[in-house]
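What follows is one structure encoded as structure tokens, with my remarks underneath.
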Amino acid sequence: MAETKIATFNINGIRARLPRLLDWLKTSAPDIVCLQELKAEDDQVPRLEIEALGYHVETHGQKGFNGVALLSKTPMEDVRRGLPGMEDDPQARYIEATSAGLRVASIYAPNGNPVNSEKFAYKLRWLDALIAHAADLLAQEIPAVLAGDYNIIPEEEDCHEPDAWRDDALFQPQARARFRQLRWQGWVDPIRQRHPDGDQFTFWDYKGGAWTKDYGIRIDHLLLSPPAADRLDRAEVDRMERGREKASDHAPVWITLKD
DNA sequence: ATGGTCGGCTTCCGA
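Given below as structure tokens:
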């Protein structure tokens, strides 16, 4: 193949979303997929149906909430479950593996609402551990992708109406500063690079007709190490997925890397 | 319109 397609998709319940997920895998045909919010334990993940489409499946599940997975058309090696530095974290939010010559992580960062709660402190602590681990990955000078739901709106142009999000954990300066820190480290945000004018939303709340009014935000990101960014071709949001029946509240985001 | 979400550990919680 001439390119490798890598996607991230917060599916908001892999069992409730299975028909949508399978349809999307068939039409979009990514080589590697990072899934978040499985809301299922490992043995509840419908892996046979996914494997039937030609994917290897690695999960880090949890009963009822959270849960992340990696799908890849090529075998995965050196699978790591849980974020380094958060070994005691009972929440399943991180899985990383090597496939197709890439180190890939599926990330589900904490939401952190309400602001100034223990949940918000946990969010910042979790992001600090991610930053530390991201520095280790960069030092290896390998093609790496950190993809998932960061629960961070990086800039004002990443939401329909910044003032509507001022008091939300997703738009707090401390959270946005941590996303910037990753970029200063050297990680490249391919959607920002390919769509500098913004308006590349990835999440629309189920509530209040947000999809119909396009009240969206961009919180799902793929960050690329420099050796991966050197190979970047396209970066897009599968916005149409959000408009389908029984859709997740997130849309998939994907990139292609030249081989 | 005074209302209008969804998934799962379902009559409450997390998002």
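Letter by letter, the first sequence follows residues 323 to 581 in the numbering used here.
Glycine included, C-beta positions come from ideal geometry on N, C-alpha and C.
Cβ-based neighbour list, F493, same chain, cut-off 6 Å, excluding 5 preceding and 5 following: Same-chain partners within the cutoff: I475 and W487.
With burial defined as no fewer than 16 other Cβ atoms inside 10 Å of the residue's Cβ, what is the status of A399: buried or exposed? For clarity, residue 399 is Glu in the given sequence; the question names Ala instead. It is exposed - the Cβ of E399 has fewer than 16 other Cβ atoms within 10 Å.
What are the uninterrupted segments assigned as beta strand (DSSP E) that are 3 or more residues long and contained completely in the region 415-486, given in chain order? Runs found: 416-421, 424-430 and 466-471.
Beta carbon of Q515, beta carbon of A557: below 8 Å? Contact flag set, yes.
Quick one: grab the DSSP three-state call for T326. Residue state, collapsed to three classes: strand.
Need the endpoints of the beta strand (DSSP E) that R403 sits in, please. Looking at the DSSP string, the run of the beta strand (DSSP E) that includes R403 is E399 to R403.
Distance, T381 Cα to P309 Cα: Any property of residue 309 remains undetermined from this structure, which presents the chain solely from 323 to 581.
Would you mind sorting R505 into buried or exposed? The rule is 16 or more other CB atoms within 10 Å of its CB. With fewer than 16 Cβ atoms within 10 Å of its Cβ, R505 is classed as exposed.
With a CB to CB cut of under 8 Å and the five nearest residues on each side skipped, what residues in its chain are close to E325? Cβ-Cβ distances below 8 Å link E325 to D555, T578, L579, K580 and D581 in the same chain, with the five nearest sequence neighbours on each side left out; the list follows chain order.
Tell me whether Q522 sits in a helix, a strand or coil according to DSSP, three-state version. Coil at Q522, not helix or strand.
Please determine if the region 418-434 and the region 444-457 are in contact, where contact requires at least 3 C-beta pairs separated by less than 8 Å. Counting Cβ pairs under 8 Å, three or more are found: they touch.
For P465, count neighbouring C-beta atoms within 10 Å of its own C-beta (all shown protein chains included) and say buried if the count is 16 or more, exposed if not. Buried, by the Cβ-count rule.
For my contact list, G389 and A362 are in at a C-beta cut-off of 8 Å; report their separation, rounded to the angstrom. Contact annotation, G389 with A362: C-beta distance approximately 6 Å; criterion of less than 8 Å satisfied.
For A422 versus I372, is the C-beta distance shorter than 8 Å? Not closer than 8 Å, so no.
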